[in-house]
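Report on one structure; see the data block that follows.
Residue numbers (mature numbering (1 follows the signal peptide of the UniProt record, and there is no 0)): -22 to -1, 1 to 224.
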């Protein structure tokens, strides 16, 4: 028969041996421009194995407001403190959406990190991006076919980058022209990955943005698609952010 004292001891043991990341239970992952959420699969698996609840946003890419709204929708479904992660253009999205109360830290993975009043076109002019775009009409684009392997992900097998090109998601120009109304990194701790071999967002631009924001930075020798080619290292940075939240 279990006594009251032994029951308390059992509960205490459960509490001590519980999840390593008890304060933050949730991670929300946001993909970049012309991509979708499936590229996060390896990172997702690593984080799930650590006992975290992981959600992946699918951005509509019709406007910055629509992308932010899609991210907020997922954030409002989270139960408790959350780390919000964005790759590339997804960093711009989390800069706006990160004002949600559940967000306790943000991770910028080879990402854009704008400030209030800026737009991405002006920000990119500081250190011009090196990628060829194919205009589908006057308002929407995808990267040119050859850019996927040569510029975006030279450290991934060509059959993967060929598929990325074939499944590229058209994006409007509007998100690059819209001015940001919020910059959550002013109020919340941020962590950043610099992909040192990046040909899409120059490492110099990442370093400039991260330094301005006081972002804790980790260098990974990688192409722009660091979260796919170096999933373990990327997940480690996200876990660092999870562990840092009180």
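Virtual Cβ for every residue (Gly too), placed ideally from N, Cα, C. Just so we're clear, the structure is a prediction, and the values are computed from it rather than from any experiment.
{"Check": "Rounded distance between the beta-carbons of residue 204 and residue 87, thought under 8 Å", "Outcome": "6 Å"}
{"Check": "For residue 97, the residue or residues it bridges with in DSSP", "Outcome": "None; residue 97 has no bridge partner."}
{"Check": "Outcome for residue 141 when other beta-carbon atoms lying within 10 angstroms are tallied against a minimum of 16", "Outcome": "exposed"}
{"Check": "Contact set for residue 147: own chain, Cβ-Cβ below 7 Å, skip 5 residues either direction", "Outcome": "12, 13, 14, 39"}
{"Check": "Validate contact between the region 49 to 57 and the region 131 to 145 using beta carbons, cut 8 Å, 3 pairs", "Outcome": "no"}
{"Check": "Beta-carbon spacing of residue 60, residue 81 below 7 Å", "Outcome": "yes"}
{"Check": "Local conformation of residue 221 per DSSP, three classes", "Outcome": "helix"}
{"Check": "Cβ-based burial, residue 265 [other Cβ within 10 Å; buried from 16]", "Outcome": "Since the displayed the chain opens at -22 and closes at 224, residue 265 lies outside it and no answer follows."}
{"Check": "Per-residue DSSP class, three states only, for residue 198", "Outcome": "strand"}
{"Check": "Backbone secondary structure at residue 49 - three-state DSSP", "Outcome": "helix"}
{"Check": "Contacts around residue 62, its chain only, beta-carbon distance under 6 Å, and the 5 residues preceding and following it disregarded", "Outcome": "6, 72, 76, 81, 84"}
{"Check": "Residue interval of the beta strand (DSSP E) (run including residue 83)", "Outcome": "81 to 87"}
{"Check": "Residue 184 vs residue 172 beta-carbon contact at 7 Å", "Outcome": "yes"}
{"Check": "Residues bridged to residue 168 (per DSSP)", "Outcome": "84"}
{"Check": "Status (buried if at least 16 other CB within 10 Å, exposed otherwise) for residue 41", "Outcome": "exposed"}
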